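J.: Okay, handing you the structure first.
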């Protein structure tokens, strides 16, 4: 749920210990239509107090609205991927497809804004993967989005930077990825490419087992969130990534 904009309510109708029906309702949570609970506000303020100066620290400015997408290319994750490629001299950046977080609005960015988008203490890692492994990872992302059994769907689109490809979800599993390129050069199955990601992705998160099989692994001590905050500080201002559109999806 991005931006906490919608609350889902699910009703299960059970008759004679068997599931008869499922009803789903979505409630839009417009902030100007909801009155906050004062007790909860006070509790939150008390819990935040030791960390307020860090959380409310201004780290930079955003020239544009930069949001997070889930089932398609995500502007914020593309931005992070670009930072990783530049900072660690990689050819491909890979991050998980997740649907939570906020939209960075045009204007000031605080440390807390970044933590809302990258809340986990994941450390940056680099490795090499063959072209065949990269393609298999992209095929797994397509399978995650549209498996044979809907109950096996997991995660969103794997978020990448530096690699271009086409995904056709109407084709059979294992045959959905084509025209894979780095720059304007087709990816070679046997060639190795430098990948920048984080340690969580190397554990098989969202069934991305091929990432954990990469070679020349370097697990750094740099937390991804802190790296992004440092990058925003050094740039002063960020904007919508110029390389959106690296992925074309047919549904």
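In UniProt numbering, the protein residues as written are 1 to 251. Heads up, the beta-carbon is just placed ideally off N, CA and C, and yes, glycines get one too. Small disclaimer: the values here were computed from a predicted structure and weren't measured.
From residue 20 to residue 10, what does the alpha carbon distance come to, in whole angstroms?
T.: Rounded to the nearest angstrom, the two C-alpha atoms are 13 Å apart.
J.: Taking buried to mean at least 16 other C-beta atoms within 10 Å of its own C-beta, is residue 150 buried or exposed?
T.: Looking at its Cβ environment, which holds fewer than 16 other Cβ atoms inside 10 Å, residue 150 is exposed.
J.: Less than 7 Å separating the beta-carbons of residue 127 and residue 217?
T.: Yes, these two residues count as a Cβ contact at 7 Å.
J.: Are the beta-carbon atoms belonging to residue 185 and residue 94 less than 7 Å from one another?
T.: Contact: no.
J.: Whole angstroms is fine: what's the gap from residue 237's alpha carbon to residue 229's?
T.: C-alpha separation (whole angstroms): 12 Å.
J.: Just to confirm, is the Cβ distance from residue 140 to residue 77 under 7 Å?
T.: In this structure, residue 77 does not lie closer than 7 Å to residue 140 by Cβ.
J.: Whole alpha helix (DSSP H) runs in the segment 194–222 with 4 or more residues, listed along the chain?
T.: Taking only runs of at least 4 residues, the alpha helix (DSSP H) segments lying wholly in the segment 194–222 are 209–212.
J.: Count Cβ pairs between the segment 112–120 and the segment 221–228 that sit closer than 8 Å; are there 3 or more?
T.: Touching, yes, given that three or more Cβ pairs across the two stretches are closer than 8 Å.
J.: With 16 other CB atoms within 10 Å as the buried threshold, where does residue 111 fall?
T.: Buried.
J.: Measuring only the C-alpha atoms, how far is residue 131 from residue 16?
T.: Cα-Cα distance, rounded: 53 Å.
J.: Under 7 Å Cβ to Cβ from residue 1, same chain only, skipping five residues before and after it: list those, please.
T.: Annotation note: pLDDT 48 at residue 1 (below 50); position unreliable, coordinate value reported separately. 99, 100.
J.: Check residue 107 in the structure and name its three-state DSSP category.
T.: Correct three-state label for residue 107: strand.
J.: Would you kindly work out how many angstroms separate the C-alpha atoms of residue 36 and residue 45, rounded to a whole number?
T.: Going from the Cα of residue 36 to the Cα of residue 45 covers about 13 Å.
J.: Locate the beta strand (DSSP E) running through residue 168, then write down its first and last residues.
T.: Looking at the DSSP string, the run of the beta strand (DSSP E) that includes residue 168 is 163–168.
J.: Can you list, in chain order, the residues of its chain whose CB lies under 8 Å from that of residue 48, leaving out five sequence neighbours each side?
T.: Excluding residues within five positions, the ones whose Cβ falls inside 8 Å are 55.
J.: Using only the heavy atoms of the ligand SAM, determine whether one of them is closer than 6 Å to the beta carbon of residue 129.
T.: No copy of the ligand SAM appears in this structure; indeed no ligand is present at all.
J.: Taking all protein chains shown into account, decide if residue 73 is buried (16 or more other Cβ within 10 angstroms of its Cβ) or exposed.
T.: By the neighbour-count rule (16 or more Cβ atoms within 10 Å), residue 73 is buried.
J.: Between the segment 176–195 and the segment 159–168, do at least 3 Cβ pairs fall closer than 8 Å?
T.: Yes, they touch.
J.: Excluding sequence positions up to five away, which residues of its chain have a Cβ less than 8 Å from the Cβ of residue 233?
T.: Cβ within range, chain order: 59, 60.
J.: Name the two residues that bound the continuous beta strand (DSSP E) containing residue 181.
T.: Start and end: 177–182.
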